[in-house]
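Peer 1: The structure that follows is given in the form of structure tokens.
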Amino acid sequence: MNRQEAEELLPWYVAGALSAREAQAVEAFIDSGAISRSTLDEVRSYAAATAETGPDEPDYDPQILQRVLTRLDDVPQMAPEEPVVVVPERTAHQEGTGRGGWLGALVERLQWRLTPPLARALIAAQLLLVLGLAAALVLQAPSIDREYETVSATPAATQAGSYTLQFAPGTTEADLRRLLVDADATIVSGPSALGLYTIAFAPDADADAGAARLRGSSLVSYLQPLPPG
Amino acid sequence: MSEAVSDIDRDQALIARIATGDKRAFEALFRVYGERVFRYAVRLISDPTRAEEVTNDVMLEVWKNAPRFEGRSRVSTWILGITRNLALNSIRRKALDTVTVDDAPPIADESTESAGAVALDRATLSQGIRAALSQLSQDHRDVVELTFFHGCSYEEIAEIVGCPEGTVKTRMFHARKQLHTLLARQGLDPASVEMAS
């Protein structure tokens, strides 16, 4: 603290409103003469005049209390604020354990250390159960190497007059063959993972009539022309 | 500091009881702070009737908000802060004449300072200082009052007034300078009388 700072604090020194350390520092400047006695006396004069009630100041009426007390019942008290859970600051030791980063932040955010032990055990057990079920599902699932597709997906290369076709469940190979022969159509590709075939009508065949025939069959559940490409 | 630790503990305990609707605790707190609140208000707004109304309102606010007092500051700081806000609201509402920082009285020429300063008795000097105080801007007067009448630290004043601690110190510096000049104009030397030991 320099002399100017000490002199700035002089009013609070006089008022007895400084910390012990600050008061000591200011006192040292007074004792050394760096802050003059007249400056100190001047501030003391201000303090004394301000602290006393002047003769022209109105008296305090203690009856104010009674008037306030009569109004108290008309003033409802506010509800307390929601309790704030104070998360203890991480200690230097904990800082050193390396549990910082996102995991540490997550643990603090979830207030894990403030969670009751029983609740912690239940949460951990639940998490383990979920992970176990997920692992079982993954291990038991049949391997699906085929790519994901939609019914409306367009095969890589199609010729004009090509259709996407799906047979109704339970259609036998013989039914399928008979149906395609009758419609003068051949399978270009398929079946896909969804059971879809790409079919094409013979170049000299009436594609519209063939398609109408297929649509009319109860063995065909889906038939849509493919855009040429 | 300005308050003994036991006073701080007593205040906190009273507020805790008031928060539960304890009227006797409220009465006890009122006996401690009622006059302080009134004095602060009356010096801020220079109107005893309105200062009484402000005192009423301040203490009712304390009653109402005690359950939400979190103890982040001292009870005295909290109550004086409420007092200041309500007093200033009262001033704004009634458009009372107050001196703003910009309207602060001009400082007299240095040449006139100390001219005719004479040794004075304590009462005369006190009266002169109070008269000079009333001519300070409200912001400057506020800092002086809170320091010397209420014994607030500069940190507490910063909290009550809502400004940085550095600003509190600056305001006090200018207040002292203006007081000195205003007193010199009246031929008063504040250092000439031993006011307090």
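If you read the protein sequences in the order shown, they are chains R and E.
Everything in the first sequence is counted per the numbering used here, starting at 114 for the first residue and increasing by one.
Everything in the second sequence is counted per the numbering used here, starting at 297 for the first residue and increasing by one.
All C-beta atoms in this analysis are idealised placements derived from N, C-alpha and C, irrespective of residue type, glycine included.
The structure presented is a predicted model; accordingly, all values stated were derived computationally and were not measured.
(1) Can you give me the Cβ contacts of residue 311(R) inside the same chain, cut-off strictly under 8 Å, excluding the 5 residues immediately before and after it?
(2) For residue 374(E) and chain R, any beta-carbon pair shorter than 8 Å?
(3) For residue 448(E), which residues in chain R fall below 9 Å Cβ to Cβ?
(4) Counting only runs of 4+ residues fully inside the stretch 323-365 of chain E, write out the alpha helix (DSSP H) ranges in chain order.
(5) Give me whichever residues DSSP pairs with residue 343(R) in a beta bridge.
(6) If I measure Cβ to Cβ from residue 307(E) and keep anything under 6 Å in the same chain, skipping five residues before and after, which residues do I get?
(7) Identify the contact partners of residue 167(R) in chain E, using a Cβ-Cβ distance below 9 Å as the criterion.
(8) Hey, would you say residue 156(R) sits closer than 8 Å to residue 360(E), going by beta carbons?
(9) Compute the distance between the beta-carbons of residue 323(E) and residue 178(R), then report whether it is under 8 Å.
(10) Anything in the stretch 144-169 of chain R with a Cβ closer than 9 Å to a Cβ of chain E? List those residues in chain order, please.
(11) Is residue 338(R) helix, strand or coil by DSSP?
(12) For residue 473(E), does the count of other Cβ atoms within 10 angstroms reach 16, so buried, or fall short, so exposed?
(13) Do residue 382(E) and residue 353(E) have their C-beta atoms within less than 8 Å of each other?
(14) Does chain R have any CB closer than 8 Å to the CB of residue 356(E)?
(15) Taking contact to mean at least 3 C-beta pairs separated by less than 8 Å, is the stretch 146-155 of chain R in contact with the stretch 434-447 of chain E?
(16) Using DSSP with H/G/I as helix, E/B as strand and the rest coil, what is residue 409(E)?
(17) Among all the DSSP beta bridges, which residues are the ones paired with residue 298(R)?
(18) For a contact meaning CB atoms closer than 8 Å, what does residue 180(R) contact in chain B?
Peer 2: A quick look at the data gives this:
(1) Numbered from its first residue, the first sequence carries residue 311(R) at position 198. Taken in chain order, the residues that qualify are 268, 271, 275, 276, 277, 278, 300, 301, 302, 303, 339.
(2) On the second sequence, residue 374(E) is found 78 positions in, with the first residue counted as 1. Judged by the 8 Å Cβ criterion, residue 374(E) is not in contact with chain R.
(3) Working through the second sequence from its first residue, we reach residue 448(E) at position 152. 125, 128, 130, listed in chain order.
(4) Positions of the alpha helix (DSSP H) runs, each at least 4 residues long and wholly inside the stretch 323-365 of chain E, are given as 344-361 in order along the chain.
(5) Residue coverage of chain R in this structure runs from 114 to 342, which leaves residue 343(R) outside it and unanswerable.
(6) Counted from its first residue, the second sequence places residue 307(E) at position 11. Shown here for residue 307(E): same chain residues with a beta carbon closer than 6 Å to its own, the five before and five after excluded, namely 371 in chain order.
(7) Along the first sequence, one-based indexing puts residue 167(R) at 54. What residue 167(R) touches in chain E: 422, 423, 426.
(8) Taking the first residue of the first sequence as 1, we reach residue 156(R) at position 43. Taking the first residue of the second sequence as 1, we reach residue 360(E) at position 64. The answer is no: Cβ separation not under 8 Å.
(9) Looking up residue 323(E) in the second sequence gives position 27. Looking up residue 178(R) in the first sequence gives position 65. Contact flag set, yes.
(10) 149, 150, 151, 152, 153, 154, 155, 156, 157, 158, 159, 160, 161, 162, 163, 164, 165, 166, 167, 168, 169
(11) Here residue 338(R) is taken as the residue at index 225 of the first sequence, counted from 1. Strand at residue 338(R).
(12) Here the question's residue 473(E) lines up with position 177 in the second sequence. Looking at its Cβ environment, which holds fewer than 16 other Cβ atoms inside 10 Å, residue 473(E) is exposed.
(13) Position 86 of the second sequence, counted from the start, is the residue given in the question as residue 382(E). Position 57 of the second sequence, counted from the start, is the residue given in the question as residue 353(E). Going by C-beta atoms, residue 382(E) is nearer than 8 Å to residue 353(E).
(14) Counting from one through the second sequence, the residue named residue 356(E) turns up at place 60. Judged by the 8 Å Cβ criterion, residue 356(E) is in contact with chain R.
(15) no
(16) Within the second sequence, numbered from 1, the residue matching residue 409(E) stands at position 113. Interpretation of residue 409(E) is limited by its pLDDT of 42, a score under 50 that renders its predicted location unreliable; no figure is taken from the coordinates.
(17) Counted from its first residue, the first sequence places residue 298(R) at position 185. According to DSSP, which records beta bridges pairwise, residue 298(R) is partnered with 314(R).
(18) In the structure shown, chain B does not exist; the protein chains are R and E.
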